[in-house]
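See below for the structure under consideration.
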Amino acid sequence: MKMEFINKYKNIILLSLVLYSSLLGLSIAVNNIILIGITLLPLILILSLQINYKYILSLYVISLPLDFILLLPGIGSISKIFSILCILSLLSHGLLKKKLTFPRFQIIPVIMLVIIAIFSIVWSVDEQETNTRLITLVPLLLFYIVTSIFKFNIKDLKVINNSMIFSLTWVVLLSLVQFLFGIGFMDTGRLTITLFSEQADPNHLLVSLILPFSILWTSINRSQNYKFLNTRIILIILFFLILLLSGSRGALLAVVCSLTYWFLKDGLNFKKIITIIISLSTLLTLFFIIPSFLIERYNIQLILEQGGTGRVDIWRVGLNAFKESISNGYGFGTFPQVYDLFVNKTRIDAFWGYSKAAHNTYLRMAVELGLVGVSLLMFSMLISLAFLKKKKKLNSMVLNSGYALNMSLIGIMIGGLSLDIFLFKYFWVVLQYGVIYKGVLAESRKEING
Numbered sequence: 009m010k011m012e013f014i015n016k017y018k019n020i021i022l023l024s025l026v027l028y029s030s031l032l033g034l035s036i037a038v039n040n041i042i043l044i045g046i047t048l049l050p051l052i053l054i055l056s057l058q059i060n061y062k063y064i065l066s067l068y069v070i071s072l073p074l075d076f077i078l079l080l081p082g083i084g085s086i087s088k089i090f091s092i093l094c095i096l097s098l099l100s101h102g103l104l105k106k107k108l109t110f111p112r113f114q115i116i117p118v119i120m121l122v123i124i125a126i127f128s129i130v131w132s133v134d135e136q137e138t139n140t141r142l143i144t145l146v147p148l149l150l151f152y153i154v155t156s157i158f159k160f161n162i163k164d165l166k167v168i169n170n171s172m173i174f175s176l177t178w179v180v181l182l183s184l185v186q187f188l189f190g191i192g193f194m195d196t197g198r199l200t201i202t203l204f205s206e207q208a209d210p211n212h213l214l215v216s217l218i219l220p221f222s223i224l225w226t227s228i229n230r231s232q233n234y235k236f237l238n239t240r241i242i243l244i245i246l247f248f249l250i251l252l253l254s255g256s257r258g259a260l261l262a263v264v265c266s267l268t269y270w271f272l273k274d275g276l277n278f279k280k281i282i283t284i285i286i287s288l289s290t291l292l293t294l295f296f297i298i299p300s301f302l303i304e305r306y307n308i309q310l311i312l313e314q315g316g317t318g319r320v321d322i323w324r325v326g327l328n329a330f331k332e333s334i335s336n337g338y339g340f341g342t343f344p345q346v347y348d349l350f351v352n353k354t355r356i357d358a359f360w361g362y363s364k365a366a367h368n369t370y371l372r373m374a375v376e377l378g379l380v381g382v383s384l385l386m387f388s389m390l391i392s393l394a395f396l397k398k399k400k401k402l403n404s405m406v407l408n409s410g411y412a413l414n415m416s417l418i419g420i421m422i423g424g425l426s427l428d429i430f431l432f433k434y435f436w437v438v439l440q441y442g443v444i445y446k447g448v449l450a451e452s453r454k455e456i457n458g
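Per my numbering, the very first residue in the sequence shown carries number 9; after that it's consecutive.
Below you can see the structure in the form of structure tokens.
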């Protein structure tokens, strides 16, 4: 009787799986987004409860460089799916294991910024565009808030750090393989990742790696195993090579500024001076490897003559528009439309077309949400910085993670000068890493103080 019951139970499960798979396949075949979502919901809930939250978060971090690949229309990238799983997993584990806490103060300016963005639809010059951008923004805020109310520990931080390093590793190795086979180049000759006939924007791809690079760089200080140490040094050298081959001037400047902070954070010493000499020597050596036309991209005189490939003219138009509406801007997500309104009213050196992106996060926020909006954005990043005290008593991994956070925040601030990064997941991941780190740091200090 017992065996018959077990066999019937197995048959019911098998039949249910067949029916579920058929329904999911049919939903995808008819391309009905609502039906796909309803069908996937039970599976998503089961996964979020069964899999440890830290591993889902790791998969999200690892998949971030693939954000440019669209899985299905209306669903988005694989990182978007993992972000949904992360939200559900953190909430479910937080409620069941009582790991939810009151959010930290640093999330307030971020929430205020998003609230202003939502209300800007009232005065937006293009309500439809504002609404479209808000659909992207609100889930990012939700993920950020959920991360801020969850109690992470040192082990979680270590897993996240390792995931970051792994994401950098696979991007560097894939880029290197595509470079050697000559299949990862854009029409301009710049190296990027090409997968499934899709190409990543090399500027955003390299800026998105600043946090993983910062974690890798600071982890060298605590590496005791020489094999791991040598592997990480080689990985850093390969990252520099990929960085130069990408032709991303903004990413290069961001990395240089991040490293400058690291070298100056607690004074120079002999070890740091040697590291600077080795790093500069490595960069100069790599310059002999990359093609001459890519070297020209880093020519300061040429950059000034070309106005940053049209960026200076775009910024002139944006500043002209900002002067006309300093207080509240023209509505979230409307910079291209505002550009079209003011391009013929602004003196520029060359016409670069209509509906241009801002190529500057701060200018974009100033134009779209006014002085209050851009001030909140800058304050949100500054308040995420880690001001480390009593460093000798802190766990070395926690201390180095704080340095990595500061390096990445400085890098992302610099990257935002030539890129519009606000709606990209990697920008929000840096903010999320900030709230995770601040929580772990507070717990570490409590343990130190008894």
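Yeah, the Cβ is synthetic: ideal placement off N, Cα and C, and Gly gets one too.
Please read these numbers as outputs of a predicted model, since none were measured by experiment.
Distance between residue j and residue i (C-alpha atoms, nearest Å)
i, j, result
"Asn-307", "Ile-157", "46 Å"
"Ser-404", "Ser-128", "44 Å"
"Ile-245", "Ile-126", "43 Å"
"Asn-372", "Leu-260", "Going by the sequence as given, residue 372 is Arg instead of Asn. Cα-Cα distance, rounded: 22 Å."
"Pro-344", "Gly-258", "21 Å"
"Val-380", "Thr-202", "39 Å"
"Gly-318", "Gly-341", "20 Å"
"Asp-274", "Val-406", "17 Å"
"Ala-262", "Gly-410", "18 Å"
"Phe-189", "Ile-356", "42 Å"
"Leu-302", "Leu-199", "10 Å"
"Val-154", "Phe-295", "44 Å"
"Thr-369", "Leu-427", "6 Å"
"Trp-225", "Val-448", "20 Å"
"Lys-107", "Ser-91", "19 Å"
"Val-438", "Ile-391", "12 Å"
"Thr-109", "Leu-431", "27 Å"
"Glu-137", "Asn-328", "21 Å"
"Asp-348", "Asp-134", "12 Å"
"Gln-207", "Ile-250", "15 Å"
"His-101", "Phe-151", "15 Å"
"Lys-280", "Phe-204", "43 Å"
"Leu-98", "Thr-239", "33 Å"
Beta-bridge pairing of residue i - partner residues as DSSP gives them
i, result
"Gln-207", "Thr-202"
"Phe-158", "Leu-108"
"Phe-193", "Leu-199"
Residue i burial status per 10 Å Cβ neighbour count (16 or more: buried)
i, result
"Glu-376", "buried"
"Lys-105", "exposed"
"Ile-223", "buried"
"Trp-178", "exposed"
"Thr-3", "Examination of residue 3 is not possible in this model, given that the chain is present from 9 through 458 alone."
"Gly-361", "exposed"
"Gln-309", "exposed"
"Phe-248", "buried"
"Leu-272", "exposed"
"Lys-331", "exposed"
"Asn-161", "exposed"
"Val-122", "buried"
"Leu-103", "exposed"
"Phe-359", "exposed"
"Ile-191", "exposed"
"Ile-365", "First, the residue type needs correcting, since residue 365 is Ala and not Ile in the sequence shown. Exposed, by the Cβ-count rule."
"Phe-113", "exposed"
"Ser-300", "exposed"
"Ala-450", "exposed"
"Tyr-63", "exposed"
"Lys-433", "buried"
"Phe-395", "exposed"
"Met-9", "Since pLDDT at Met-9 reaches only 49, below the 50 mark, its modelled position is unreliable, and the value read off the structure follows with that caveat. Under this definition Met-9 is an exposed residue."
Boundaries of the alpha helix (DSSP H) in which residue i is found, first to last residue
i, result
"Arg-372", "369 to 390"
"Thr-283", "278 to 295"
"Pro-117", "116 to 127"
"Arg-257", "257 to 272"
"Val-320", "319 to 332"
"Lys-454", "433 to 457"
"Arg-305", "300 to 305"
"Val-406", "404 to 423"
"Phe-343", "343 to 350"
"Lys-364", "Element bounds for Lys-364: n/a, residue is neither H nor E."
"Val-69", "61 to 71"
"Phe-221", "218 to 227"
Query raised in the report: Does the count of Cβ pairs from the segment 138 to 157 and the segment 216 to 225 closer than 8 Å reach three?
Result: Counting C-beta pairs with one atom in each stretch, the segment 138 to 157 and the segment 216 to 225 have fewer than three that are closer than 8 Å, which means they do not touch.
Query raised in the report: Do three or more CB pairs link the segment 178 to 187 to the segment 380 to 390 at distances below 8 Å?
Result: Verdict: no, contact absent.
Report task. Say whether the segment 286 to 306 touches the segment 328 to 339, bearing in mind that this needs 3 or more beta-carbon pairs closer than 8 Å, one atom from each stretch. Result -> No contact exists between the segment 286 to 306 and the segment 328 to 339.
Requested in this report: Would you check if there are 3 or more beta carbon pairs closer than 8 Å linking the segment 435 to 449 to the segment 411 to 423?
Outcome: Touching, yes.
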